[in-house]
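Chains as they are written, first to last, in numbering that gives the first Met the number 0: chain L, 0 to 489; chain Y, 0 to 489. Note that the Cβ used here is the ideal one computed from N, Cα and C, for glycine as well. Here the structure is laid out as structure tokens; the discussion comes afterwards.
2 protein chains.
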Amino acid sequence: MTEKKDTKQNRNSKELLTKRSEDFSAWFSEIVQKAELADMRYNVKGFLVFQPWSVFSMEKMYDIYEEVLQKKGHKPYYFPTLIPEKNLKKESSHLGGFTPEVFWVTHGGETELDEKLALRPTSETVFYQMFKYWIRSYKDLPFKTYQRANVFRYDTKATRPFLRGREFYWIEAHCAHASLQDAEKQVKEDMETTEEVMHQIFGLPFIFFERPSWDKFPGAARTFAADVLNPDGRVVQQPSTHFISNEFSRAFDIRFKNKDEQEDYVYITCYGPAISRIFASIAIVHGDDKGLRFPWKIAPLQVVIVPVSDDEKVVKKAKMLEETVKKIASVEVDLSEKSAGEKFNYWEMKGVPVRIDVGLKDMASKNITVFRRDLNKKEIISEKSLTGYIKKVADECGKNLREQADKLFEGKIKNVKNLEEMKKVIKDGGIARCGFCSVGKDGEKCAGVIEKEIGAEVRGTRLDEKEKPNGECVVCGEEAKEIVYVARSY
Amino acid sequence: MTEKKDTKQNRNSKELLTKRSEDFSAWFSEIVQKAELADMRYNVKGFLVFQPWSVFSMEKMYDIYEEVLQKKGHKPYYFPTLIPEKNLKKESSHLGGFTPEVFWVTHGGETELDEKLALRPTSETVFYQMFKYWIRSYKDLPFKTYQRANVFRYDTKATRPFLRGREFYWIEAHCAHASLQDAEKQVKEDMETTEEVMHQIFGLPFIFFERPSWDKFPGAARTFAADVLNPDGRVVQQPSTHFISNEFSRAFDIRFKNKDEQEDYVYITCYGPAISRIFASIAIVHGDDKGLRFPWKIAPLQVVIVPVSDDEKVVKKAKMLEETVKKIASVEVDLSEKSAGEKFNYWEMKGVPVRIDVGLKDMASKNITVFRRDLNKKEIISEKSLTGYIKKVADECGKNLREQADKLFEGKIKNVKNLEEMKKVIKDGGIARCGFCSVGKDGEKCAGVIEKEIGAEVRGTRLDEKEKPNGECVVCGEEAKEIVYVARSY
Numbered sequence: 000m001t002e003k004k005d006t007k008q009n010r011n012s013k014e015l016l017t018k019r020s021e022d023f024s025a026w027f028s029e030i031v032q033k034a035e036l037a038d039m040r041y042n043v044k045g046f047l048v049f050q051p052w053s054v055f056s057m058e059k060m061y062d063i064y065e066e067v068l069q070k071k072g073h074k075p076y077y078f079p080t081l082i083p084e085k086n087l088k089k090e091s092s093h094l095g096g097f098t099p100e101v102f103w104v105t106h107g108g109e110t111e112l113d114e115k116l117a118l119r120p121t122s123e124t125v126f127y128q129m130f131k132y133w134i135r136s137y138k139d140l141p142f143k144t145y146q147r148a149n150v151f152r153y154d155t156k157a158t159r160p161f162l163r164g165r166e167f168y169w170i171e172a173h174c175a176h177a178s179l180q181d182a183e184k185q186v187k188e189d190m191e192t193t194e195e196v197m198h199q200i201f202g203l204p205f206i207f208f209e210r211p212s213w214d215k216f217p218g219a220a221r222t223f224a225a226d227v228l229n230p231d232g233r234v235v236q237q238p239s240t241h242f243i244s245n246e247f248s249r250a251f252d253i254r255f256k257n258k259d260e261q262e263d264y265v266y267i268t269c270y271g272p273a274i275s276r277i278f279a280s281i282a283i284v285h286g287d288d289k290g291l292r293f294p295w296k297i298a299p300l301q302v303v304i305v306p307v308s309d310d311e312k313v314v315k316k317a318k319m320l321e322e323t324v325k326k327i328a329s330v331e332v333d334l335s336e337k338s339a340g341e342k343f344n345y346w347e348m349k350g351v352p353v354r355i356d357v358g359l360k361d362m363a364s365k366n367i368t369v370f371r372r373d374l375n376k377k378e379i380i381s382e383k384s385l386t387g388y389i390k391k392v393a394d395e396c397g398k399n400l401r402e403q404a405d406k407l408f409e410g411k412i413k414n415v416k417n418l419e420e421m422k423k424v425i426k427d428g429g430i431a432r433c434g435f436c437s438v439g440k441d442g443e444k445c446a447g448v449i450e451k452e453i454g455a456e457v458r459g460t461r462l463d464e465k466e467k468p469n470g471e472c473v474v475c476g477e478e479a480k481e482i483v484y485v486a487r488s489y
Numbered sequence: 000m001t002e003k004k005d006t007k008q009n010r011n012s013k014e015l016l017t018k019r020s021e022d023f024s025a026w027f028s029e030i031v032q033k034a035e036l037a038d039m040r041y042n043v044k045g046f047l048v049f050q051p052w053s054v055f056s057m058e059k060m061y062d063i064y065e066e067v068l069q070k071k072g073h074k075p076y077y078f079p080t081l082i083p084e085k086n087l088k089k090e091s092s093h094l095g096g097f098t099p100e101v102f103w104v105t106h107g108g109e110t111e112l113d114e115k116l117a118l119r120p121t122s123e124t125v126f127y128q129m130f131k132y133w134i135r136s137y138k139d140l141p142f143k144t145y146q147r148a149n150v151f152r153y154d155t156k157a158t159r160p161f162l163r164g165r166e167f168y169w170i171e172a173h174c175a176h177a178s179l180q181d182a183e184k185q186v187k188e189d190m191e192t193t194e195e196v197m198h199q200i201f202g203l204p205f206i207f208f209e210r211p212s213w214d215k216f217p218g219a220a221r222t223f224a225a226d227v228l229n230p231d232g233r234v235v236q237q238p239s240t241h242f243i244s245n246e247f248s249r250a251f252d253i254r255f256k257n258k259d260e261q262e263d264y265v266y267i268t269c270y271g272p273a274i275s276r277i278f279a280s281i282a283i284v285h286g287d288d289k290g291l292r293f294p295w296k297i298a299p300l301q302v303v304i305v306p307v308s309d310d311e312k313v314v315k316k317a318k319m320l321e322e323t324v325k326k327i328a329s330v331e332v333d334l335s336e337k338s339a340g341e342k343f344n345y346w347e348m349k350g351v352p353v354r355i356d357v358g359l360k361d362m363a364s365k366n367i368t369v370f371r372r373d374l375n376k377k378e379i380i381s382e383k384s385l386t387g388y389i390k391k392v393a394d395e396c397g398k399n400l401r402e403q404a405d406k407l408f409e410g411k412i413k414n415v416k417n418l419e420e421m422k423k424v425i426k427d428g429g430i431a432r433c434g435f436c437s438v439g440k441d442g443e444k445c446a447g448v449i450e451k452e453i454g455a456e457v458r459g460t461r462l463d464e465k466e467k468p469n470g471e472c473v474v475c476g477e478e479a480k481e482i483v484y485v486a487r488s489y
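Below, the structure is given as structure tokens:
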């Protein structure tokens, strides 16, 4: 049974070998396995098993995201997973964009189906087909929906756990509006939602870009997306929001009567936070050399209690403290057969925000030794202040992680005037900011040069502030019409 | 646009036409549409769109079920949706049972896959493949897992919304144990969980049967299942729990070292509450001639406030009350352009537990008129007692619905001595209790006679109490070895 790994029994003997500060990419692969976030040994390529330590956290992420969306008027649905080929064909650029990466269902039992069915790579053609039944009048608008769902992409690039897989977990929020102005308001709301959830609660800093025309979502008229920066200087696309092409509302015949009793087609936006990919960013951005760190609200476990000896009184005390802590946090007592040191390392690696060490010495003085993972700080507090202390960490821990993460961006964005300078900034793990000829079709050639010579991408123009270029395009030397940001991605 | 139906605008003009007491089956079809529980117009046969009014409730049902499972030590996972054909082939009766109703994925993009992949009809062969990596020693046992998931069956029978569809939503909890005794304990725990959630919280009475040998889950050594009774006398199978055949632990090589350092194969149980089907039972069992009724904890909306005129003061008052109620319940003010009477009917049809009517007359006397759906009773209460009143309904409403539902079973079970008596009991919408030769292989022939002559099924032997037969098999006249229950199902 030598191939067996990662069981409860032996997980503790395995310390983290790689330092995040030295090799972040190897660190990430290792932490996925050692913290038991996901198991890659499932026997279908590109598919993996998400294990409890990530699922507990992702479920909380779903709860938080869904609560915010509902507060803003989105209603939850469960739409079918299977899409008839004819739906996908209704909007040509959408089909073109997704056809190469769709899994097709062709048979039910022994029977060949009349029409092949796609496993949803995304659900525009599912939602919009139904919108026509539900929307009649401007009074029905905005019509705001969402679903939590797993989606499937037959991605031929190398998969990476949580970051790129053939089945992943997301929310897709689709809205129909009466006017382009309302659609624009929705994009702004989606940006605010991203700030509220991704940054304020999950602690992840990002920049919201409008993507260049050649990098739009298939079927979108305009695409906006939040880029999160990894320690290696690569950016990861997180929630994106789109003006969906008007072709869709025409193809799916989604009309409404406006205030003047005239028929019009709706304007559609969609917003998609990929929960399993955001989890990766949380692990990557907040992690450190010891392992994971979690903001309080999405920690799989908030408090762990470690009896530092197996003295009966110590164990009893640990269990008493568990009862107290249970009232305000999720908590577990570690009664496994490891040394105290091994337990410390293990729970630090797992990223539990607060550890309580229980020993005879502290008990005698009515003190408690606590370790908080956000600051990696050990403190001795009086027993009676424990509840207050935990509440304080609950309040501070997310904010501390966020502030530490915000520093990642500091100084990473550098102005460049030519490709030489750009090359250096990118090589140093930075993001280059520069003048650029055009983010319309005309600029694609210059973007191609950057990609070829530097291996980096034009991520787009900033959405949160209007930036005025002066000078020339960093590639072709024509007059710059935009300021763009260039970074490496995955 | 004549085909457009069920939009916000016109939903209110459509009253419920069918009385549940007169034609329960037509009532159910109608309520699914009028209460906007699901839309059947999706263009893939057997698939439907679950709308917010059912999804809000099903999400709460998931939360409740998952909390109970986690409290009992089950850990959450997300397993892949796709299963390689070879996994399904590992246990012959499982494959045999599911092959005719599996959707097969054969292509990724344009590429034909090396091996066809099944959309999970259930996930035994997915979980158990991974168990071998995670289980080593008796110390790892019991190993208790679950996932919330959508599953797929290419069911060739007629589909019915929520009750039988080609994609449905459930929880599947899989456990590995060190001994048959531990597996038996798990089945008992699953029964308790069913009582705790299905009966105590959802208010659904049921009987837990052990199914006859010919009616087992494919791949199970023994199958236990809860039958819920519908008003038309038909039973619906709700959560089932199974001893999984030992073939599985052998086929997937799930071994562990027992206390004596000997290698042994694990014993597996699985438990599966189908959330979307349970939702059907909630609608069906608690509904009445006016429409739906919901237990408080799973109501999509708990309180609705109806201003009975559009007087500005009344609307203002309604919004003030909303602020008060918001602190203890989910609440909405109905400001639509309908008459008060239409609003009353609409919200009664939707099953909201408490309605608050706001009018000038009540305002003058500092009173409030409230309507509670569990008892269909209107009451006038003082404004200052509102919060207390809502809390009282919150406490009582689930219990009241449960007690009303419990009465469904009362007198429905009747002892019968021969097929003539059985026919009459079944025709009257009852469940027949009788002596039976055998629930092993030998009895299948007699069960076939019952099915053919009466159109009813042997549901099994009671699990909660040991019942001793005396007398003869109701069909063949041989000595009765069991007492079985016979009912019609869908």
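What do you reckon, are the CB atoms on residue i and residue j nearer than 8 Å?
i              : j              : result
R163 (chain L) : K156 (chain L) : yes
G218 (chain L) : S92 (chain L)  : yes
P51 (chain Y)  : G202 (chain Y) : no
V353 (chain Y) : V332 (chain Y) : no
D407 (chain L) : D373 (chain L) : One detail in the question is off: residue 407 (chain L) reads as Leu in this sequence, not Asp. For L407 (chain L) and D373 (chain L), no; Cβs fall outside 8 Å.
L116 (chain L) : V125 (chain L) : no
A486 (chain L) : E456 (chain L) : yes
D189 (chain Y) : P141 (chain Y) : no
Roughly how many whole angstroms lie between the Cα atoms of residue i and residue j?
i              : j              : result
F251 (chain L) : Q128 (chain L) : 6 Å
I453 (chain Y) : K423 (chain Y) : 9 Å
V392 (chain L) : L228 (chain Y) : 51 Å
P83 (chain L)  : Q185 (chain L) : 29 Å
V150 (chain Y) : K131 (chain Y) : 23 Å
E2 (chain Y)   : A225 (chain Y) : Below a pLDDT of 50, predicted positions are generally treated as unreliable, and E2 (chain Y), at 40, falls in that range; the measurement from the model is reported next regardless. In a straight line, the C-alpha of E2 (chain Y) is about 40 Å away from that of A225 (chain Y).
N414 (chain Y) : E478 (chain Y) : 17 Å
R152 (chain L) : V31 (chain L)  : 22 Å
V525 (chain L) : G96 (chain L)  : No statement about residue 525 (chain L) is possible, as the shown extent of chain L runs from 0 to 489 and does not include it.
T222 (chain Y) : P120 (chain Y) : 17 Å
I297 (chain L) : T193 (chain Y) : 29 Å
I243 (chain Y) : P204 (chain Y) : 26 Å
K4 (chain L)   : R135 (chain Y) : For K4 (chain L), the predicted structure reports a pLDDT of 42, less than 50, and the residue's modelled location is therefore unreliable. A value from the coordinates is still provided. Near 9 Å, if we compare the C-alpha coordinates of R135 (chain Y) and K4 (chain L).
R371 (chain Y) : E29 (chain Y)  : 23 Å
For this session: Closer than 7 Å, Cβ to Cβ, to anything on chain Y: give me those residues from the segment 24-57 of chain L, in chain order.
Result: For the segment 24-57 of chain L, the residues whose beta carbon sits under 7 Å from a beta carbon of chain Y are, in order, D38, R40, Y41, N42, V43, F46, V48, F49, Q50, P51, V54, F55.
- At a cut of 8 Å, does the segment 272-280 of chain Y reach the segment 300-313 of chain Y through at least three beta carbon pairs? Contact fails between the segment 272-280 of chain Y and the segment 300-313 of chain Y, because fewer than three Cβ pairs, one in each stretch, are under 8 Å apart.
- Segments assigned alpha helix (DSSP H), at least 4 residues, entirely inside the segment 243-292 of chain L: Within the segment 243-292 of chain L, the complete alpha helix (DSSP H) runs of at least 4 residues are 245-250, 274-285.
Of the residues that make up the segment 142-171 of chain L, which ones have a beta carbon closer than 7 Å to any beta carbon in chain Y? Listed in sequence order: N149, Y153, E166, Y168.
### Message
Beta carbons nearer than 8 Å to chain Y: which residues of the segment 332-352 of chain L have them?
### Response
Going along the segment 332-352 of chain L in chain order, one finds no residue with a Cβ nearer than 8 Å to chain Y.
What are the start and end residues of each continuous alpha helix (DSSP H) run of 4 or more residues lying completely inside the segment 107-133 of chain L, in chain order? Scanning the segment 107-133 of chain L for uninterrupted alpha helix (DSSP H) segments of 4 residues or longer gives 123-133, listed from N- to C-terminal end.
- Query: Can you list the beta strand (DSSP E) stretches of 3 or more residues lying completely in the segment 390-433 of chain L, in chain order?
  - Reply: Runs found: 412-414.
Checklist entry - Touch check for the segment 279-289 of chain Y and the segment 312-319 of chain Y: three-plus C-beta pairs under 8 Å? => result The segment 279-289 of chain Y makes no contact with the segment 312-319 of chain Y; the number of CB pairs closer than 8 Å stays below 3.
| said: Under 8 Å: do the segment 247-264 of chain L and the segment 467-486 of chain L share three or more Cβ pairs, one atom per stretch? | reply: Short answer: they don't touch.
- Query: Looking at chain L, which residues of the segment 89-106 of chain Y have a Cβ within less than 8 Å of any of its Cβ atoms?
  - Reply: Identification of residues in the segment 89-106 of chain Y having a C-beta nearer than 8 Å to some C-beta of chain L yields T98, P99, E100, V101, F102, W103, V104, T105, H106, given in sequence order.
Scan the segment 57-80 of chain Y for residues whose Cβ lies nearer than 7 Å to a Cβ of chain L and list them as they occur along the chain. Per Cβ criterion, the list reads E58, K74, P75, Y76, Y77, F78, P79, T80.
- Query: Taking only runs of the alpha helix (DSSP H) that begin and end inside the segment 195-238 of chain L, which ones reach a length of at least 4 residues, in chain order?
  - Reply: Those alpha helix (DSSP H) runs which fall completely within the segment 195-238 of chain L and span 4+ residues do not exist here.
Report task. Output, in sequence order along the chain, the residues in the segment 294-305 of chain Y whose CB is closer than 7 Å to any CB in chain L. Result -> If the cut-off is 7 Å between Cβ atoms, the segment 294-305 of chain Y has nothing near chain L.
- Message: Using a Cβ-Cβ cutoff of 7 Å, what residues of the segment 123-137 of chain L are near chain Y? List them in chain order.
- Response: Taking a C-beta cut-off of 7 Å against chain Y, the contacting residues of the segment 123-137 of chain L are Q128, M129, Y132, W133, I134, R135, S136, listed in chain order.
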